[in-house]
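Before any comments, here is the structure.
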Amino acid sequence: MGKIIFFGGKGGVGKTSCSTAFALSKARSGLKTLLVSTDPAHSISDLFHCQIEHKITQLEANLFGVEVNPERESNAYITKIRKNLHSIMSPIIMEELNKQLDAASVSPGTHESALFDKMIEIIIDTSKDFDYIVFDTAPTGHTLRLLSLPEMLGAWMDSLIAKRKKTLTFKSMLSKDKGIKDPIIEILSKRRNNLTLARKIMIDGENLQFIFVLNAEKMPIEETKKAVKMLRSYGIKVTSLVVNKILPNENSDDFWKDKKVKETRYLKIIEEEIPVDNLYQIPLFKFDMDEYTINEMAEYF
Amino acid sequence: MKEILENIRLFFVGALDMQGKAHGHIENEASDTMDQFMLLCFGDLLGIDLPTTYYALELLPYLGEDLVKWNMRMSDKKSIWEEKAGKLDIDP
Ligand SMILES: Nc1ncnc2c1ncn2[C@@H]1O[C@H](COP(=O)(O)OP(=O)(O)O)[C@@H](O)[C@H]1O
Ligand SMILES: [Mg+2]
Chain A
1 MGKIIFFGGK
11 GGVGKTSCST
21 AFALSKARSG
31 LKTLLVSTDP
41 AHSISDLFHC
51 QIEHKITQLE
61 ANLFGVEVNP
71 ERESNAYITK
81 IRKNLHSIMS
91 PIIMEELNKQ
101 LDAASVSPGT
111 HESALFDKMI
121 EIIIDTSKDF
131 DYIVFDTAPT
141 GHTLRLLSLP
151 EMLGAWMDSL
161 IAKRKKTLTF
171 KSMLSKDKGI
181 KDPIIEILSK
191 RRNNLTLARK
201 IMIDGENLQF
211 IFVLNAEKMP
221 IEETKKAVKM
231 LRSYGIKVTS
241 LVVNKILPNE
251 NSDDFWKDKK
261 VKETRYLKII
271 EEEIPVDNLY
281 QIPLFKFDMD
291 EYTINEMAEY
301 F
Chain B
1 MKEILENIRL
11 FFVGALDMQG
21 KAHGHIENEA
31 SDTMDQFMLL
41 CFGDLLGIDL
51 PTTYYALELL
61 PYLGEDLVKW
71 NMRMSDKKSI
81 WEEKAGKLDI
91 DP
């Protein structure tokens, strides 16, 4: 089973860059690695000069990439539900349900869940084939709750299945038609099985790790500290931190000298207050990430 | 965060325990079970923060009429209370 790595941290700290560099480094040390990019704006296609899209594409000897677009995933999900709605006859109810789906399709929670769902699918489908599966983002909010408390989701599904069965029993007591296959129970059971499988791979197999990316500044340190503590309280491993965009040592300007002094202080706080196995320190590069800089960054992992 | 989780846990426990023993008629029990089912699926319509709403959407095509009926009854709390009170009277 491959290791599953989520890169967590605020937008813009360097998750996509660092996860790509991390994946490059693992691949070049001979480990078969899958890099999953979820950032439509900052795609890894640009870094590797090829069209990656939604099929797993080979990038180097041991490196493979796939792009996931959360919005597309959630649109596909909602569209499929809308298609199934056609079996409902009443136009009033159709309208009501469509309203429901309209609201869901623009909700950020839906995109987040769609992404989580796709992540689980990738993990189930590929974890046997790779040594590392690296995601350039991490579950947050609702989906983090689902991940940290999978038993909650299991309980939810079990309870729904039980209630559905009971309802069906009543219905068949009242009417005569018995033994029909129920789509609701089928859907719920399928989901239940998938989640159990994903949980087995990630949690029971101890293959799941979070890596947090942060900058050496006050607020990010506090936030990361909280996040790490919470994940650990749920038994999820946080093995590494990446402090990204570290200033150069030599600064001629007083402004930067002063900044550097503060940064050094914050680095020390990070070391003391968020203990991890690996603390990667990545310099601030002159250029934004491109095919050259990313190779330079990979040297640090 | 802890608090939210606790609330959700309580919610689930509550939903599971709602099946009291004092039910007389199959229809009542069936509609109670259906209510609980709907609440677990679409509690967010009533302002209960559920992390599972996304998964429930997929069930919509198969629940259509029941969901709309349920939603109407839930928005009309008075009728629910009357219904429950009525039940308490008849049931032993
Ligand atoms: N060490 C670094 N030095 C210079 N620029 C960086 C560095 N790390 C990231 N960047 C740049 O910062 C921006 C945000 O990085 P990105 O990896 O997309 O962050 P995230 O995925 O967390 O939103 C990008 O323009 C990227 O090129
Ligand atoms: Mg990104």
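For the protein sequence lines, the chains are A and B, in the order given.
Quick note: the first sequence uses the UniProt record's numbering, first residue 1, plus one each step.
Quick note: the second sequence uses the UniProt record's numbering, first residue 1, plus one each step.
Positions of the beta carbon are idealized from the N, C-alpha and C atoms, including for glycine.
C-beta atoms of residue i and residue j nearer than 9 Å
i                      : j                      : result
residue 67 of chain A  : residue 52 of chain A  : yes
residue 4 of chain A   : residue 127 of chain A : yes
residue 269 of chain A : residue 65 of chain B  : no
residue 6 of chain A   : residue 139 of chain A : yes
residue 56 of chain B  : residue 40 of chain B  : yes
residue 249 of chain A : residue 284 of chain A : no
residue 217 of chain A : residue 292 of chain A : no
residue 132 of chain A : residue 279 of chain A : no
residue 147 of chain A : residue 230 of chain A : no
residue 115 of chain A : residue 301 of chain A : no
residue 27 of chain A  : residue 54 of chain B  : no
residue 37 of chain B  : residue 169 of chain A : no
residue 20 of chain A  : residue 136 of chain A : yes
residue 303 of chain A : residue 14 of chain A  : Nothing about residue 303 of chain A can be read from this structure; chain A reaches only from 1 to 301.
residue 10 of chain A  : residue 73 of chain A  : no
Helix, strand or coil at residue i according to DSSP, with G and I counted as helix
i                      : result
residue 247 of chain A : coil
residue 167 of chain A : helix
residue 100 of chain A : helix
residue 62 of chain B  : helix
residue 3 of chain A   : strand
residue 274 of chain A : coil
residue 242 of chain A : strand
residue 33 of chain A  : strand
residue 40 of chain A  : coil
residue 217 of chain A : coil
residue 283 of chain A : strand
residue 293 of chain A : helix
residue 14 of chain A  : coil
residue 300 of chain A : coil
residue 67 of chain A  : strand
Whole-angstrom C-beta distance between residue j and residue i, which should lie under 8 Å
i                      : j                      : result
residue 51 of chain B  : residue 85 of chain A  : About 24 Å; that fails the 8 Å criterion.
residue 64 of chain A  : residue 110 of chain A : Residue 64 of chain A to residue 110 of chain A, Cβ: 28 Å. No contact.
residue 16 of chain A  : residue 39 of chain A  : 5 Å
residue 188 of chain A : residue 157 of chain A : 5 Å
residue 36 of chain A  : residue 122 of chain A : 6 Å
residue 69 of chain A  : residue 120 of chain A : Wrong, their Cβ atoms sit about 16 Å apart, outside the cutoff.
Interface partners of residue i on chain B, CB under 7 Å
i                      : result
residue 183 of chain A : 62
residue 231 of chain A : What residue 231 of chain A touches in chain B: nothing, since even the nearest Cβ is about 11 Å away.
residue 93 of chain A  : 64, 65, 68
Under 8 Å by beta carbon: chain B residues contacting residue i
i                      : result
residue 160 of chain A : 37, 40, 41
residue 164 of chain A : 37
residue 281 of chain A : Per Cβ cutoff of 8 Å: no residues; residue 281 of chain A is ~29 Å from chain B at best.
residue 81 of chain A  : 57, 58, 60, 61
Neighbouring residues, chain B, relative to residue i (Cβ below 9 Å)
i                      : result
residue 33 of chain A  : Near residue 33 of chain A there are no residues of chain B at all, since even the closest Cβ is about 29 Å away, more than 9 Å.
residue 153 of chain A : 51, 52, 55
residue 96 of chain A  : 64, 67, 68, 71
residue 100 of chain A : 42, 45, 57, 60, 67
residue 192 of chain A : Near residue 192 of chain A there are no residues of chain B at all, since even the closest Cβ is about 10 Å away, more than 9 Å.
Under 7 Å by beta carbon: chain A residues contacting residue i
i                     : result
residue 59 of chain B : 184, 187
Practice item. Would you be able to state if there are at least three C-beta pairs under 8 Å between the segment 254–264 of chain A and the segment 275–294 of chain A? Key: Between the segment 275–294 of chain A and the segment 254–264 of chain A, the count of C-beta pairs closer than 8 Å stays below three; the two stretches do not touch.
Review point. Is there contact between the segment 236–251 of chain A and the segment 205–215 of chain A, where contact requires at least three CB pairs shorter than 8 Å?
Key: yes
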